[in-house]
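Enquirer: Protein chains in written order, with UniProt numbering: chain R, 1 to 426; chain B, 1 to 319; chain C, 1 to 272. Every residue gets a Cβ at the ideal spot worked out from N, C-alpha and C, and that includes glycine.
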Amino acid sequence: MRQRWVSVLICAAVSAAATTACGSGGASQTQDGKTELTIATFNEFGYEELFKEYEAAHPDIKITQRKTGQGQPHHQNLFTKLGAGSGLADIEGVEEGYLSQVMSKSGQFNDLKEIGPQIEGDRWLKWKTEAITTKDGKLIGYGTDIGPLAMCYRKDLFQQAGLPSDPEGVKALFATWDSYFAAGDQFIAKVPGVAWFDSAAQVFNAMHNQHEVGYYDKSDKLVVDTNPAIKADWTAVTAAVAKGQSARLAAFSNEWNTGFKLGKFATKTCPSWMLGVVETQAGPENKGKWAVTDAFPNGGGNWGGSYLTVPKQSKNAKKAAELAAWLTAPEQQIKAFKAKGTFPSQVKALDAPELLEQTNAYFGDVKAGALFATQAKKVKAAQYKGPADGQIQETVFSPALQSVEQGKNADEAWKTAVEGAQKAAK
Amino acid sequence: MTAVLPKVDRGREQEPRPRPPRRYRWTRLDTKVSPYLFVAPFFVLFGAIGLFPLLYTAYVSLFDWEVGADDPAFIGLDNYRTLFEDDQFWNALFNTFSIFLLSSAPQIVVAVLIAALLNENLRARTGWRMGVLLPYVASLVALTIIFGNLFGPQYGLVNDVLTALGFGPVDWQASTFGSHVAIASMVNWRWTGYNALIVLAAMQAIPREVHEAALVDGAGPLRRFFSITLPMLKPTLIFVIVTSTIGGLQIFTEPKLFEPSGGSGGGAEHQYQTVVLYLYQSAFQGLDLGYASSIAWVLFLIVIAVAGLNFWITRRAVK
Amino acid sequence: MINRRPSFLVYGLLGAFVLGSAFPFYWSYLVASRDNSVLTGDFTLIPGGNFWTNATRVFDTIPFWKALGNSFIVSGTVTLSVVLLSALAGFAFAKLRFRGRGVLFLFVVVTLAVPTQLGIIPLYMAMAEFGWAGELEAVIVPNLVTAFGVFWMRQYLVDAVPDELVEAARMDGCSLWRTFWHVALPAARPAAAMLGVFTFMQSWNDFLWPLVVLNADNPTIQVALEKLQSGYYVDYSLVLAGTTLATVPVLIIFLVLGRQIVAGVMQGAVKG
Chain R
1 MRQRWVSVLI CAAVSAAATT ACGSGGASQT QDGKTELTIA TFNEFGYEEL
51 FKEYEAAHPD IKITQRKTGQ GQPHHQNLFT KLGAGSGLAD IEGVEEGYLS
101 QVMSKSGQFN DLKEIGPQIE GDRWLKWKTE AITTKDGKLI GYGTDIGPLA
151 MCYRKDLFQQ AGLPSDPEGV KALFATWDSY FAAGDQFIAK VPGVAWFDSA
201 AQVFNAMHNQ HEVGYYDKSD KLVVDTNPAI KADWTAVTAA VAKGQSARLA
251 AFSNEWNTGF KLGKFATKTC PSWMLGVVET QAGPENKGKW AVTDAFPNGG
301 GNWGGSYLTV PKQSKNAKKA AELAAWLTAP EQQIKAFKAK GTFPSQVKAL
351 DAPELLEQTN AYFGDVKAGA LFATQAKKVK AAQYKGPADG QIQETVFSPA
401 LQSVEQGKNA DEAWKTAVEG AQKAAK
Chain B
1 MTAVLPKVDR GREQEPRPRP PRRYRWTRLD TKVSPYLFVA PFFVLFGAIG
51 LFPLLYTAYV SLFDWEVGAD DPAFIGLDNY RTLFEDDQFW NALFNTFSIF
101 LLSSAPQIVV AVLIAALLNE NLRARTGWRM GVLLPYVASL VALTIIFGNL
151 FGPQYGLVND VLTALGFGPV DWQASTFGSH VAIASMVNWR WTGYNALIVL
201 AAMQAIPREV HEAALVDGAG PLRRFFSITL PMLKPTLIFV IVTSTIGGLQ
251 IFTEPKLFEP SGGSGGGAEH QYQTVVLYLY QSAFQGLDLG YASSIAWVLF
301 LIVIAVAGLN FWITRRAVK
Chain C
1 MINRRPSFLV YGLLGAFVLG SAFPFYWSYL VASRDNSVLT GDFTLIPGGN
51 FWTNATRVFD TIPFWKALGN SFIVSGTVTL SVVLLSALAG FAFAKLRFRG
101 RGVLFLFVVV TLAVPTQLGI IPLYMAMAEF GWAGELEAVI VPNLVTAFGV
151 FWMRQYLVDA VPDELVEAAR MDGCSLWRTF WHVALPAARP AAAMLGVFTF
201 MQSWNDFLWP LVVLNADNPT IQVALEKLQS GYYVDYSLVL AGTTLATVPV
251 LIIFLVLGRQ IVAGVMQGAV KG
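1. So that I know if they touch, is there some Cβ in chain B lying closer than 9 Å to that of K335/R?
2. Which same chain residues end up closer than 8 Å to C270/R when comparing Cβ atoms and leaving out the 5 residues on each side of it in sequence?
3. Hey, how far is the Cα of G116/R from the Cα of A317/R?
4. By the criterion of Cβ-Cβ separation under 7 Å, what are the contact partners of V145/C in chain B?
5. Chain R partners of N149/B, CB-CB under 7 Å?
6. Which value, in whole angstroms, describes the spacing of the CA atoms of G121/R and K128/R?
7. Can you grab the Cα-Cα spacing for the pair T57/B / G119/C, in whole Å?
8. Quick check on the burial criterion: 16 or more other C-beta atoms within 10 angstroms. Buried or exposed for V94/R?
9. Please identify, using Cβ separations under 8 Å, the residues of the region 60-75 of chain R that lie next to chain C, in order along the chain.
10. How many angstroms separate the CA atom of Y180/R from the CA atom of G48/C?
11. Given that N259/B touches chain R, what residues does it touch there, using C-beta distances under 8 Å?
12. Suppose the cutoff is 7 Å on Cβ atoms and the five residues either side in sequence are ignored; what does the same chain contact list for L157/B look like?
13. Under 7 Å, CB to CB, which of the residues in the region 151-162 of chain B have a partner in chain R?
14. For Q245/R and chain B, any beta-carbon pair shorter than 9 Å?
15. If we ignore side chains and look at the alpha-carbon of each, how far apart do L9/C and G47/B end up?
16. Closest Cβ-Cβ distance between L118/C and chain B: below 9 Å?
17. Helix, strand or coil for P162/C per DSSP?
18. The beta strand (DSSP E) that contains S306/R, what's its start and end?
19. If you draw a straight line from the C-alpha of S33/C to the C-alpha of I252/C, how long is it?
20. Can a CB atom of chain B be found closer than 9 Å to the CB of L195/C?
21. Please determine, among M125/C, F91/C and L68/C, the residue with the shortest C-alpha to C-alpha distance to G50/B.
22. Based on the DSSP output, what are the partners of R129/B in its beta bridges?
23. Look up I39/R in the DSSP assignment and say whether it is helix, strand or coil.
24. Restricting to runs no shorter than 3 residues, where is the beta strand (DSSP E) found entirely within the region 66-124 of chain R?
25. Suppose the cutoff is 7 Å on Cβ atoms and the five residues either side in sequence are ignored; what does the same chain contact list for F372/R look like?
26. Could you check which residue in V109/C, T61/C and A55/C has the C-alpha nearest to that of T245/B?
27. Taking Cβ positions, are Y272/B and S179/B nearer each other than 9 Å?
28. Grouping DSSP H, G and I as helix and E and B as strand, with all else coil, what is R17/B?
29. Which residues does DSSP list as the beta-bridge partners of L133/R?
30. In the structure shown, what three-state DSSP assignment does T293/R receive?
31. Can a CB atom of chain B be found closer than 9 Å to the CB of P399/R?
32. Return yes when the Cβ of V237/R is within less than 9 Å of the Cβ of M207/R, no when it is not.
33. With C-beta atoms as the reference, is G193/B less than 9 Å away from F198/C?
34. Determine the extent of the beta strand (DSSP E) in which K66/C is found, giving its start and end residues.
35. Which term fits P122/C, buried or exposed, when burial requires 16 or more other beta carbons within 10 angstroms of its beta carbon?
36. Buried or exposed: where does W128/B fall if 16 or more other Cβ atoms within 10 Å of its Cβ makes it buried?
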């Protein structure tokens, strides 16, 4: 111990700047000669029991999980160590929201087609794999879970507004975005003090992700100001805001939580994992009021879900890829679903009886598993995401929409958003 | 006296004594070397661990350097050029100064007031003094949740009170001034008690006789406070101001935590994005390490300039 | 006359201030002893009965005691070292004459102005280079002495120790080290106490750097507590139960040492 201190002090004194003289290198071998694989996850991937299973089947492998509670610090950690050039785990979880940032650094990650085991091409939903395949065809991550979108709505408030309220009857309202906003007009006219949706950005992002071309075209050219679909969505959403359809509650804020409890909005774009959020935030006193239906305006959509990647920093890339491939196989992902409710992205897992039979008591015993499996298959294709795509959504368009909700003129906000996107894309 | 001593020293040295006493040699060595040994830990540690990040940041700021990029392009001072034309940067600079002023000015006034109260002949004075220092020990997680609840634009407690009093509610996140007030109140909550104790220490250093003399002259408590206590606190107050300038211009935690779900944008239109928050956003959301580094360096120079100005004023004020 | 007891107004104002200062502690306990509903409208000031249930969940979810131990090791070491080394350097800058003193002190002041948020990437590179990534050293060593500490102690010692006292000690044949130890350090006690509390809390609450540089199985308490916020929604009663539990030991230290700190402030004033 003391000797290490001394050597370190000498090192420190001699080389303030980085030289490779004192590096100890990655210790990837445990003392009993096993290969140690580290895997960094956030939230709940539901893999704890699976690790034990894998270790039992592979006595030469020891798995260490580095678990972060929330996605934001996990990804900051990821980017810090990408920048520093060392310290990443052998397997790093990446959330869909950070995908464009990771894809723009795809050179730092291993091509799993090259180093991973042979996997049949249709293990995952097509759009899930497309999203993590680079333009030159490299696959840099295996899909874990997804967040297929459905619509959640308040049955009691729909009744109050004279709208249909059974899961079949509401489907017509949720057929297209036009019908959705039209129903919103009807609703707010009948139920004063309650808005139609929680916040503009939540609706806009869902609309936006349905288009084949988003903020960028496939040659990485920014098309924010020339893609008519974006402006059309913007106009539709800001018009709805002007009419009072938005509750103006930024997602995941304190106020948003309170809005659930007080019942301040009647519909919510609902990925599979959102059911738990609604249940916690709306609380037991609102049980039976919320419902979910397998319809979503203009088809389907996805929000959330993750991938497992193997950074080039890994010293055991091949073995790490093997583990990642095993974890993301349908059989394992179903177990993770049972453990923590992560909705699988694997085609076969979507037909598993465990999934199809799953019900949700808070939402009136609806067959949630089957419902979201239906929604997952409705997603057409993954929109191509350019280098600053995630940043444009999170730091430019969502705030710009919020500023409209706070009273800014929609045309001015549009100008700000376009300029902001150009700056972010730079 | 001091001017004479060295000469004596030298005279002794030239005396043809075969061996100066060991203790004396030791003392000379001690005088020469010890000061450097005393300050060495700071400089060695800073050299080994602090200097590298600083120089690295300067180096990176000259490149179009994305986090994890393979071979960043050298672009000279382009990042700085962009920065000076960047409205968001100037906006962040304005916000930083605004929040700083809103937090430091009332804070010092209240700190002096609290210190004056603590300086009274209280029962259980230790208890009171510890009481004002409590915010120091509070966890940031708890604070974030509490202030989020207090200043919620639609359902927050502060707005409930304002509405009950007949004032309209304030959108604490949309309004520039409102958000600055809310964030400044977070800062004030954390730091006022601490500054009060520093001022208290200085107050207690004022010799009792000065007060008693004024008392004999018939000065009332208010007059004594303004014409004796306050002037004698000046050096301490200036110290408090200088340190809080350096800290205040680097304010990060409070605006970052003000709306945790909102990322690092500091409001829909960056109403309360400070310079360090912008730096953080550029680095870890934009992954533009080069640009973030240039922000870091410009901020660094601004803080030095402002602190230098403070120092200059300090000197003039004290002399 | 100066010694008469103050009026109720004084107690009232101070009482309000202290109540405001203490409120978040009570409030954290309040939420921890109930559930999320306190945060969304059902405001109340009466604690519920769930605190121990929530506390048990905290112990089951994270390695609480190990993390607590780590935090004590880290914050304790850092505090001791910052106070001692800062006092030492501060004493030299305040009271000793040596070539380059002005420039070196200016350097200290300038480093105060360095924004640290970006430093985490190069600092991680340095720590990885030294082989400390994942070890407690990585959290301790970069914080062993701070520019703020040196600046703070220097400012205090300039006035607190009369030059004549240092001279006298030298005349008596005291080495500089003994002068520091027997003259400067005792005089610096109030400032050292404040610096100690400040440093300890700073280190105790530090989150991002330990999260990045430590391994998940060897966390500090703040890093461990973050795991309570796992999932798409946050169970605040669980989070605040953990926060409250982690604050209790600090509060105890504060209550025990608080006397010393405050006494230090007073003592310094008497001497100053």
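Expert: Result, derived from the coordinates:
1. Taking the first sequence and counting its residues from 1, the one referred to as residue 335/R is at position 335. No, because no Cβ of chain B sits closer than 9 Å to the Cβ of K335/R.
2. Here residue 270/R refers to the residue found at position 270 when the first sequence is read from its first residue. Contacts found: L149, A150, M151, C152, V278 and V292.
3. In the first sequence, the residue the question calls residue 116/R occupies position 116. In the first sequence, the residue the question calls residue 317/R occupies position 317. Each residue's alpha carbon lies about 9 Å from the other.
4. Here residue 145/C refers to the residue found at position 145 of the third sequence. The contacting residues are P41, F42 and L45.
5. Reading the second sequence from its first residue, position 149 is the one you call residue 149/B. Ordered by position in chain R, the residues that pass the 7 Å Cβ test against N149/B are N254.
6. As a first step, residue 121/R is located in the first sequence; it is residue number 121 there, counting from the start. As a first step, residue 128/R is located in the first sequence; it is residue number 128 there, counting from the start. Straight-line Cα distance between these residues: approximately 12 Å.
7. What you label residue 57/B is simply residue 57 of the second sequence in a count that begins at 1. What you label residue 119/C is simply residue 119 of the third sequence in a count that begins at 1. The straight-line gap from Cα to Cα measures roughly 8 Å.
8. The residue you call residue 94/R lines up with position 94 of the first sequence. So V94/R ends up on the buried side.
9. T64, Q65, R66, K67, T68, G69, Q70 and P73
10. Here residue 180/R refers to the residue found at position 180 of the first sequence. Here residue 48/C refers to the residue found at position 48 of the third sequence. Answer to the nearest angstrom: the Cα atoms are 43 Å apart.
11. Working through the second sequence from its first residue, we reach residue 259/B at position 259. Note that residue 259/B is Glu in the sequence shown, not Asn. Simply A250 and S253.
12. Against the second sequence, residue 157/B aligns to sequence position 157. Hits under 7 Å: N149 and L150.
13. G152, P153, Q154 and Y155
14. Residue 245/R sits at position 245 when you count from the first residue of the first sequence. Not closer than 9 Å to any Cβ of chain B, the Cβ of Q245/R fails to qualify, so no.
15. Here residue 9/C refers to the residue found at position 9 when the third sequence is read from its first residue. Here residue 47/B refers to the residue found at position 47 when the second sequence is read from its first residue. C-alpha separation (whole angstroms): 53 Å.
16. Residue 118/C sits at position 118 when you count from the first residue of the third sequence. Judged by the 9 Å Cβ criterion, L118/C is in contact with chain B.
17. Indexing the third sequence from 1 puts residue 162/C at position 162. P162/C falls in the coil class under three-state DSSP.
18. Taking the first sequence and counting its residues from 1, the one referred to as residue 306/R is at position 306. Start and end: S306 to T309.
19. Mapped onto the third sequence, residue 33/C falls at position 33. Mapped onto the third sequence, residue 252/C falls at position 252. Rounded to the nearest angstrom, the two C-alpha atoms are 20 Å apart.
20. Here residue 195/C is taken as the residue at index 195 of the third sequence, counted from 1. False, the Cβ-Cβ gap to chain B never drops below 9 Å.
21. If you number the second sequence from 1, residue 50/B lands on position 50. Of the listed residues, the one whose Cα sits closest to G50/B is M125/C.
22. For the purposes of this step, residue 129/B is taken as residue 129 along the second sequence, with counting starting at 1. Beta-bridge pairing links R129/B to no other residue.
23. On the first sequence, residue 39/R is found 39 positions in, with the first residue counted as 1. Strand, per DSSP.
24. 91-95
25. By 1-based counting over the first sequence, the position of residue 372/R is 372. Answer for F372/R: P148, A150, S272 and F343, listed in chain order.
26. Position 245 of the second sequence, counted from the start, is the residue given in the question as residue 245/B. Closest by alpha carbon: V109/C.
27. Along the second sequence, one-based indexing puts residue 272/B at 272. Along the second sequence, one-based indexing puts residue 179/B at 179. Contact: yes.
28. What you label residue 17/B is simply residue 17 of the second sequence in a count that begins at 1. Low local confidence applies: a pLDDT of 49 at R17/B is under 50, so the model's placement there is unreliable, and no value is given.
29. Against the first sequence, residue 133/R aligns to sequence position 133. Sequence check: residue 133/R is Thr here, not Leu. Note: T133/R sits in a beta bridge opposite L139/R.
30. Taking the first sequence and counting its residues from 1, one reaches residue 293/R at position 293. Of the three classes helix, strand and coil, the one that applies to T293/R here is strand, per DSSP.
31. Working through the first sequence from its first residue, we reach residue 399/R at position 399. Interface residue, yes.
32. On the first sequence, residue 207/R is found 207 positions in, with the first residue counted as 1. On the first sequence, residue 237/R is found 237 positions in, with the first residue counted as 1. In contact: M207/R and V237/R (Cβ atoms closer than 9 Å).
33. Here residue 193/B refers to the residue found at position 193 when the second sequence is read from its first residue. Here residue 198/C refers to the residue found at position 198 when the third sequence is read from its first residue. No, they are not a contact pair.
34. Against the third sequence, residue 66/C aligns to sequence position 66. Careful: K66/C lies outside any beta strand (DSSP E), inside the alpha helix (DSSP H) at F64 to K95.
35. Working through the third sequence from its first residue, we reach residue 122/C at position 122. Flag for P122/C reads buried.
36. On the second sequence, position 128 is the one that residue 128/B refers to. W128/B comes out buried.
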